[in-house]
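Numbering (full-length UniProt numbering), first residue to last: 1 to 122. Beta carbons are placed, not taken as given, at the ideal position from N, Cα and C, and that holds for glycine.
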Amino acid sequence: DPCYNYQNLSDANRKSSYVTPIDEPSLCDKLLPTGWYRFVGDAGTKMPTTRVPAFRCGTDWSGWLHGAHPTVEDGIVHRKVCFSDRSSGCRYYTDIFVKNCESYFIYTLYIPFCPSRFCGAD
């Protein structure tokens with residue numbers, strides 16, 4: 001069961017409210033190993049389901065979940081993650097899987113390009 005086999009994402013600069021400083025390099029999730037991930041601590045508790053503006057979450061292209069989080073009964077579901085730029089809420093996207101583990105959500109994360117990152121929220 002992936003609900004017991006995942007990695008935590010806890011960096012405060014991953015939160016959707018974090019504005020990426022102009023004088024800092026943009027971060028990217030491209031090097032995240034394949035697997036399941038959970039948002040915890042300062043990163044928030046789950047992926048936001050509304051558009052996150054560009055230049056948030058410590059990167060240029062801010063990733064957010066396009067669609068609702070699943071119920072426990074839904075099991076593992078396919079979802080799209082949109083990446084926002086200055087002009088578009090879903091300029092690019094990637095496909096992921098999401099699972100509801102009763103008290104938290106986990107995600108399989110695949111980054112198609114840099115600089116982009118998956119954002120967290122409360």
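Taken in chain order, the unbroken stretches of beta strand (DSSP E) that lie wholly in the region 19-105 and span 3 residues or more are 36-39, 61-66, 76-84, 92-100. Less than 8 Å divides the Cβ of Trp-64 from the Cβ of Pro-48.
Per DSSP, the continuous beta strand (DSSP E) segment holding Phe-118 begins and ends at 116-118. Collapsing the DSSP output to three states places Tyr-107 in a strand. Secondary structure of Asn-8 (DSSP, three-state): strand. Of the other Cβ atoms in all chains shown, fewer than 16 fall within 10 Å of the Cβ of Asp-122; this residue is therefore exposed. Taking the Cα positions, Val-77 is about 11 Å away from Ile-106.
Contact fails between the region 15-26 and the region 69-76, because fewer than three Cβ pairs, one in each stretch, are under 8 Å apart.
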